[in-house]
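In order, the protein sequences belong to chains H and V. For the first sequence, the positions run 1 to 246 when the numbering used here is used. For the second sequence, the positions run 247 to 492 when the numbering used here is used. Each residue gets a CB set at the ideal place from its N, CA and C atoms; glycine is no exception. As the structure is a computational prediction, the values presented were derived from the model and not from experiment.
There are 2 protein chains.
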Amino acid sequence: MDFIKNSTFNITYRKMDDKKNPKHCGACISKMPIFNSLTEEQIDLINQVRCRVKFNPGEVIFKQGTAMTHIIVINEGLVKVYIEGIDNRNLILRFVKPVSIIGGPGFFTDYKNHVTTMAVEETSACFIDIQTLTDIIKQNKDFAISLLQWVNNHTLLNYYKFIELTQKGMHGRIAGALLYLHNDVFKEQNGEISIKRQDLADLTAMSKESAIRILKELKDENIISVDGNTIILNKIDNLNNISFRG
Amino acid sequence: MDFIKNSTFNITYRKMDDKKNPKHCGACISKMPIFNSLTEEQIDLINQVRCRVKFNPGEVIFKQGTAMTHIIVINEGLVKVYIEGIDNRNLILRFVKPVSIIGGPGFFTDYKNHVTTMAVEETSACFIDIQTLTDIIKQNKDFAISLLQWVNNHTLLNYYKFIELTQKGMHGRIAGALLYLHNDVFKEQNGEISIKRQDLADLTAMSKESAIRILKELKDENIISVDGNTIILNKIDNLNNISFRG
DNA sequence: TGGAATGATTGATAAATATCAATGCGTTAT
DNA sequence: ATAACGCATTGATATTTATCAATCATTCCA
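Structure follows, in structure tokens:
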């Protein structure tokens, strides 16, 4: 099971990320409230069908437009979830860190991926096929309700994002994005976050140059410190004010 | 049941909208795919607990921030669903016409209304309490899946809206909004739609003056005709082009 | 070690969009 | 009738934001 035979080239190679592959995925699942209602049997079933894969930074996990055959659980690393929009412009919806599930609005609708998911750091993810998941949902109504709760939570975040993107100026959006990264993505890292300029622009729906300029202003006012992709938030209160004022 | 005693003023008055109140709500429910999987008993239950109310234009049905105690079904009229954002600016998420259900992301999460729903035309709506609906969901897994499908469909529309609002210029957004109103809201009305200027601005996340100016340009090019709140789409292809180009 | 590629930065400029103020125009209330 | 109100319109202007072009730094690779 841990070794895969590639018959085309007649090579036996070790399954990727095998060393860190825990014996049973109950450990991961226990960290996600959405799976609270699963029975032992259902967890076992997931454990049997799941497939763990490692991705390097920049590698696409799901591509927008392809068939949605699996959902994934991020075990390690960091990924960004974004919509590929007009003229090669992307809109980053969120960053996802371990341990979290990534689904999509294609589930129960057209079974397509409507976003692209890309590894930002070295990432390992478990793939769980839609059919298994559907079977479990049909067996377990509490799990269905958990899913509804999960989706509704995301809808709520989308509502906030609508206001963030359409009713705030660039300063407010950048401050909001930095706070989001601090509070939700790079927690417990002492106010230190890490993001590429283009990603910051894609997260706030502005041009890269504009994002850089706002960042520079914040740096000049000592509200943040910048070193490459690392940004240190020196004055959170100040950022909160800027974000709030818009 | 059709008459309500108001004890404070000792007046017996006819329940609003009583005349048009159908005997049983099966008729409405049959028009909404989301309710396909309900049993006769479950439809009867909804029929017993629902409460039909009429609203005048401009009246708020649900107010953002209040407790979410019911979902509604729009039977007649037209409502707008919008987020109340910053500095009294609103963002209209969608218009809803009969027969459709209006829920919200508060369901299964914090049980609050995260949007405001307002009647645009004279509207009648049936209120169904959350508890009854929850009971039915727990009885009927297919209904739970229908709900998931419904929510996911809305998420997908929200994704389109993200791109619409953040990656298109004002011309594209106005054209897109006019086409949305034509295709989804004022269907089968010969290309004639009706909307206030402020609502068009709130739908496209721009100032009212900007919306008016774009509208005037389109009128000067004979792409649309304007008479008060009535707008006639003369050249749909042209609007599609403008919307597509952004 | 010298490109070549990638990403960050800056300045100059143009384009997009909002704001402000004034006016007009119906409808409603007194 | 007249005032008051809400909504639409227009012009002038200010602000916001994107684009373009050039430069710089860093890494990676042959």
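With DSSP run on the structure shown, which of helix, strand or coil describes residue i?
i	result
V:S346	strand
V:A451	coil
V:V325	strand
V:N480	coil
H:R94	strand
V:V366	coil
H:S225	strand
V:R298	strand
H:E84	strand
H:G246	coil
H:S7	Model confidence at H:S7 stands at a pLDDT of 42, short of 50, so the residue's coordinates are unreliable; what they give is reported in the following sentence. Coil.
H:K219	helix
V:F308	strand
V:L485	helix
V:G352	coil
In chain H, which residues lie with their C-beta within 7 Å of the C-beta of residue i?
i	result
V:A451	T166
V:G492	I86
Under 9 Å between beta-carbons, which chain H residues line up against residue i? List them in chain order, please.
i	result
V:I338	The contacting residues do not exist; V:I338 stays about 11 Å from chain H at best.
By the criterion of Cβ-Cβ separation under 8 Å, what are the contact partners of residue i in chain V?
i	result
H:K138	K387 and I391
H:V151	L394, V397, N398 and T401
Run down chain H in chain order and give the residues with a C-beta less than 8 Å from the C-beta of residue i.
i	result
V:F281	Going along chain H, no residue has its Cβ under 8 Å from V:F281, so there is no contact; the nearest lies around 16 Å.
V:R335	Q167
V:N487	By Cβ distance, chain H contributes nothing, its closest Cβ being about 14 Å from V:N487, past 8 Å.
For residue i, return the contacting residues in chain V, with the cut-off set at a CB-CB distance below 9 Å.
i	result
H:F107	L394, Q395 and N398
H:H171	Residues of chain V passing the Cβ test: none, with the nearest at roughly 13 Å.
At a CB-CB cut-off below 7 Å, which residues of chain V make contact with residue i?
i	result
H:G85	I409 and Q413
H:H114	L402 and Y405
Using 8 Å for Cβ pairs, my map puts residue i next to residue j. What's the rounded Cβ distance?
i	j	result
H:K138	V:K384	The pair is not a contact, with the Cβ atoms about 14 Å apart (cut-off 8 Å).
H:T116	H:K63	5 Å
V:I376	V:L424	Wrong, their Cβ atoms sit about 36 Å apart, outside the cutoff.
V:T553	H:L215	Nothing can be reported for residue 553 of chain V, as the shown portion of chain V is limited to 247 through 492.
H:I232	H:E188	Not a contact, Cβ separation roughly 14 Å.
H:V73	H:I128	7 Å
V:A390	H:A144	4 Å
H:K97	H:V151	Actually they do not touch by this definition, with Cβ atoms about 19 Å apart.
H:T132	V:Q395	H:T132 to V:Q395, Cβ: 18 Å. No contact.
H:S37	H:S146	6 Å
H:T155	V:T401	6 Å
Handout entry: Every unbroken beta strand (DSSP E) within the stretch 368-446 of chain V, with a cutoff of 3 residues, ordered by chain
Key = Runs of beta strand (DSSP E) with 3 or more residues, each lying fully within the stretch 368-446 of chain V, are found at 369-375 and 438-440, listed in chain order.
Exercise for the section: Please determine if the stretch 24-32 of chain H and the stretch 46-60 of chain H are in contact, where contact requires at least 3 C-beta pairs separated by less than 8 Å. Expected result: Contact between the stretch 24-32 of chain H and the stretch 46-60 of chain H is present, because at least three Cβ pairs lie under 8 Å.
Exercise for the section: Would you be able to state if there are at least three C-beta pairs under 8 Å between the stretch 193-213 of chain H and the stretch 439-453 of chain V? Expected result: Contact between the stretch 439-453 of chain V and the stretch 193-213 of chain H is absent, because fewer than three Cβ pairs lie under 8 Å.
Handout entry: the stretch 120-130 of chain H contacting the stretch 76-83 of chain H, beta-carbon criterion three pairs below 8 Å
Key = Touching, yes.
Exercise for the section: Assess, as a yes-or-no matter, whether the stretch 100-115 of chain H is touched by the stretch 59-70 of chain H under the definition of 3 or more beta carbon pairs within less than 8 Å. Expected result: Segments in contact, yes.
Problem - contact_flag[the stretch 49-64 of chain H, the stretch 123-131 of chain H] where n(CB pairs < 8 Å) is 3 or more - result: Short answer: they touch.
Problem - Three-pair Cβ contact test at 8 Å for the stretch 475-489 of chain V versus the stretch 415-425 of chain V - result: Cβ pair count under 8 Å is three or more, so yes.
Problem - Runs of alpha helix (DSSP H) lying entirely within the stretch 21-47 of chain H, each at least 4 residues, in chain order - result: Runs found: 26-29.
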